[in-house]
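Residues in the sequence shown are numbered consecutively from 49, following our numbering. Glycine is no exception: its CB is placed at the ideal position from the N, C-alpha and C atoms. Note sheet for the following structure.
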Amino acid sequence: MIDYETFVVRSLVAMGLGLVVGLDREFKHKPLGMRAYMLVSLGAAAVCMVSLNIASEADAKGVAFDLSRVVSGIVGGIGFLGAGAIMSNRSNGKLRGVGSGSLIWVVGIIGLAVGFGFVIEAATVTLLSFLILTMVGLLRSRFDLQNTEDS
Numbered sequence: 049m050i051d052y053e054t055f056v057v058r059s060l061v062a063m064g065l066g067l068v069v070g071l072d073r074e075f076k077h078k079p080l081g082m083r084a085y086m087l088v089s090l091g092a093a094a095v096c097m098v099s100l101n102i103a104s105e106a107d108a109k110g111v112a113f114d115l116s117r118v119v120s121g122i123v124g125g126i127g128f129l130g131a132g133a134i135m136s137n138r139s140n141g142k143l144r145g146v147g148s149g150s151l152i153w154v155v156g157i158i159g160l161a162v163g164f165g166f167v168i169e170a171a172t173v174t175l176l177s178f179l180i181l182t183m184v185g186l187l188r189s190r191f192d193l194q195n196t197e198d199s
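Here it is as structure tokens:
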């Protein structure tokens with residue numbers, strides 16, 4: 049059972065990790081900024097924590113509750129959000145927002161991990177995501193590479 053104090057701490061951690069990733073997108077003036085990434089991470093964490101409490105209550109009453117279905121629903125739902133960030137230009141067939149769509153999915157997984165109590169793992173994924181966002185930009189400018197992800 050997740051007590052209220054743990055719920056608040058994990059919620060704040062999920063928001064903070066979403067903020068770290070969202071800052072990069074905000075500074076680069078991407079369509080999805082800090083707020084979106086913070087909310088997705090917080091929402092995923094909250095659903096996980098509430099589900100853990102439901103599972104605990106159900107178990108006490110002898111009722112089966114499958115947490116894997118909750119995880120599956122979260123991952124699928126966040127996939128729809130990510131897909132919404134990707135736009136296609138009908139005239140030239142180019143895609144835009146693939147990076148943002150991918151990142152919103154990763155941030156959802158970060159929130160999911162925090163919600164289930166895997167804070168170190170979530171922080172590691174956040175750090176790796178931030179490094180990817182930073183390093184790819186540096187490599188592109190250093191070697192004058194073109195962005196092919198949004199095409």
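The beta carbons of G156 and I126 sit closer together than 8 angstroms.
Following the DSSP letters along the chain, one finds F75 inside the alpha helix (DSSP H) bounded by residues Y52 to F75. The alpha-carbon separation between M63 and V162 amounts to approximately 10 angstroms.
Its Cα nearest to that of T182, the residue G70 stands out among S120, G121, L60 and G70. The beta carbons of I158 and V173 sit closer together than 8 angstroms.
Judged by their CB atoms, L160 and A92 are nearer to each other than the 8 angstroms cut-off. No Cβ-Cβ contact shorter than 8 angstroms links S177 with L80. Taken in chain order, the unbroken stretches of alpha helix (DSSP H) that lie wholly in the segment 91–179 and span 4 residues or more are 115–133 and 146–163. For A108 and V154, the gap between their C-alpha atoms comes out near 33 angstroms.
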